[in-house]
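Asks: Under this note's numbering, think of the first position of the sequence shown as 595, with each following residue one higher.
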Amino acid sequence: MSTPLIFDPRAVRLHRDRAARRQGDVAPILQAATDSLIDRLDDMARPFATALDIGGRGLVCQALAQRGISAVALDVSPAQAALSGGPAICADLESLPFAARSFDLVTACLSLHWVNDLPGLFAQIRHVLRPDGLFLASVPILPTLGPLRKALEAAELAVSDGVSPRVSPLPTQQSCAQLMQRAGFALPVVDSEVLDLRYRTLWALMADLRAAGETNALALRPRTMAPRMLFPAAAAMLEETGEDSFAMPLHMAVLSGWAPAPTQPKPLAPGQFQHNLGEYFATDQ
595 MSTPLIFDPR AVRLHRDRAA RRQGDVAPIL QAATDSLIDR LDDMARPFAT ALDIGGRGLV
655 CQALAQRGIS AVALDVSPAQ AALSGGPAIC ADLESLPFAA RSFDLVTACL SLHWVNDLPG
715 LFAQIRHVLR PDGLFLASVP ILPTLGPLRK ALEAAELAVS DGVSPRVSPL PTQQSCAQLM
775 QRAGFALPVV DSEVLDLRYR TLWALMADLR AAGETNALAL RPRTMAPRML FPAAAAMLEE
835 TGEDSFAMPL HMAVLSGWAP APTQPKPLAP GQFQHNLGEY FATDQ
C-alpha cells in the first residue's frame, strides 16, 4: 500500500531551493538549532569517521567538519545540497540511495518534518548505519506555530465560510519516541528543547518562514488566492498582546538512538535483579 501524500514533494523542493538564496536572513535561528544538536557529539567518547547529513542546509556539514567527521550531504533541493561545501547528493528523502552499513553517524537538523513516510525513513536510517552507529536529529514538534495556526483558523472563519489547511501538521514528542522504537534503534532517547522567538508583525514571521523554506507545502493546500482580509485579520489577532511583539517559540524534539550492536548494554529482563531495593535504604526489615 502506498504512503498517502501529506506533503507535496515538488513544493518542498521549490521552497528549499528559494530559501537557499535567503537563509542568511534566518541564520541565527538555524545556527542555534545546529549548535544545539551537534554539540551533543562533544559529550560522546565514541569517535565518528563518516556521516550522512540529511537536510542540514550546509551548517551541519560545517559543524561536523570542524570535529574531523567526513560528511555526505543529502537534500531534496539541489541548491541546499550545494551549500554543504563537500560531497552532496540531491535525492528524494523517501528512499535513501546508500548501501547498508555505510555510515557511523546520521544527522538531521529541522528537516524531517516534510517527509511523507517517516516510519520508512527511520527504518532506512537504521539500515545505512553501521552497528553501534548513531542517529541524531532535531524535529520541530507541537506546539510550534500553534499561535499562527489558531489565528489563521479564527481569521478565516471570520471572513469566509470555512477553514483551509495553511500550516503544516507537526509531530509530538511522544510520536517521535514511538518512531524511534518502531524503527528498532537501541538505547533511544527523545528529549525537547525550545528556541524562544518573538516577532513584531505577522509579516516578519512569514518572511522568516519563507527564508527557512518552511511555508505551506501541504498536498491539500489552497491553490486559489486567500480571502483579501484573511492575513490582516490574523495579524490583528496575533499582535493584540499589549506588547511590542508576540511569542512564536520553536519547540524541538531531539532524538538519539543507536544501530544495534552486540557490545551495547542491555536492560535486565524481569526477575533478573537479585536484590531487594529495600536492602540499600534500611538497616532493619
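Here a beta-carbon is modelled for each residue, glycine too, at the ideal position from N, C-alpha and C.
Output needed for Pro672: all residues of its chain with C-beta closer than 6 angstroms, excluding positions within five of it in sequence on either side, in chain order.
Replies: Walking along the sequence shown from the start, residue 672 turns up at place 78. Cβ neighbours of Pro672 beyond the five flanking positions: Cys684.
Asks: In terms of residues, what are the limits of the alpha helix (DSSP H) holding Asp611?
Replies: The sequence position of residue 611 within the sequence shown is 17, counting from 1. Note, Asp611: alpha helix (DSSP H), Pro603 to Ala614.
Asks: Mind the definition here: the region 714 to 727 touches the region 749 to 768 only if three or more C-beta pairs lie below 8 angstroms; say whether that holds.
Replies: Contact fails: fewer than three Cβ-Cβ distances are below 8 angstroms.
Asks: What would DSSP say about Ser732, mapped onto helix, strand or coil?
Replies: In the sequence shown, the residue the question calls residue 732 occupies position 138. Of the three classes helix, strand and coil, the one that applies to Ser732 here is strand, per DSSP.
Asks: Any beta carbon from chain C within less than 7 angstroms of Ala771's own beta carbon?
Replies: Chain labels in this structure do not include chain C; a single protein chain is all it has.
Asks: Quick check on Arg720: does DSSP put it in helix, strand or coil?
Replies: For the purposes of this step, residue 720 is taken as residue 126 along the sequence shown, with counting starting at 1. Of the three classes helix, strand and coil, the one that applies to Arg720 here is helix, per DSSP.
Asks: Pull up the DSSP beta-bridge partners for Arg792, would you.
Replies: By one-based count along the sequence shown, residue 792 stands at place 198. Answer is Ala841, bridged to Arg792.
Asks: What whole-angstrom Cβ distance do Pro627 and Ser696 have, given they're in contact under 8 angstroms?
Replies: Within the sequence shown, the letter at position 33 stands for residue 627. Within the sequence shown, the letter at position 102 stands for residue 696. Residue identity differs from the one stated: residue 627 is Ala in this sequence, not Pro. Actually they are not in contact, since the Cβ atoms of Ala627 and Ser696 sit about 25 angstroms apart, beyond 8 angstroms.
Asks: Applying the criterion that 16 or more other CB atoms from any shown protein chain within 10 Å of the CB defines a buried residue, is Arg640 buried or exposed?
Replies: Against the sequence shown, residue 640 aligns to sequence position 46. By the neighbour-count rule (16 or more Cβ atoms within 10 Å), Arg640 is not buried but exposed.
Asks: Tell me whether Gln768 is buried or exposed, calling it buried when 16 or more other Cβ atoms sit within 10 Å of its Cβ.
Replies: Residue mapping note: residue 768 aligns to position 174 of the sequence shown, counting from 1. Exposed, since its Cβ has fewer than 16 Cβ neighbours within 10 Å.
Asks: Taking its Cβ as the centre, do 16 or more other Cβ atoms sit within 10 Å of Gln879, making it buried, or is it exposed?
Replies: The residue given as residue 879 occupies position 285 in the sequence shown. The pLDDT assigned to Gln879 is 47, lower than 50, so where the model puts this residue is not dependable; a value taken from the coordinates is nonetheless given after this. Exposed, by the Cβ-count rule.
Asks: Determine the direct distance from the alpha carbon of Ala702 to that of Gly652, and round the result to whole angstroms.
Replies: Locating residue 652 in the sequence shown gives position 58, where the first residue counts as 1. Locating residue 702 in the sequence shown gives position 108, where the first residue counts as 1. Approximately 11 angstroms, taken between the alpha carbons.
Asks: To the nearest angstrom, report how far apart Leu668 and Leu706 are at their CA atoms.
Replies: Counting from one through the sequence shown, the residue named residue 668 turns up at place 74. Counting from one through the sequence shown, the residue named residue 706 turns up at place 112. Their Cα atoms are separated by approximately 12 angstroms.
Asks: Determine the closest residue to Gly740 out of Phe716, Pro765, Arg720 and Asp611, with distance taken between C-alpha atoms.
Replies: To locate residue 740, count along the sequence shown from 1; it is residue 146. For the residues Phe716, Pro765, Arg720 and Asp611, the minimum Cα distance to Gly740 belongs to Pro765.
Asks: Quick one: Cα of Leu599 to Cα of Ala813, how far?
Replies: As a working note, residue 599 is residue 5 in the sequence shown. As a working note, residue 813 is residue 219 in the sequence shown. Going by the C-alpha atoms only, they are around 7 angstroms apart.
Asks: Which one of Pro603, Arg610, Ala748 and Ala717 has the shortest CA to CA distance from Arg776?
Replies: On the sequence shown, residue 776 is found 182 positions in, with the first residue counted as 1. Of the listed residues, the one whose Cα sits closest to Arg776 is Ala717.
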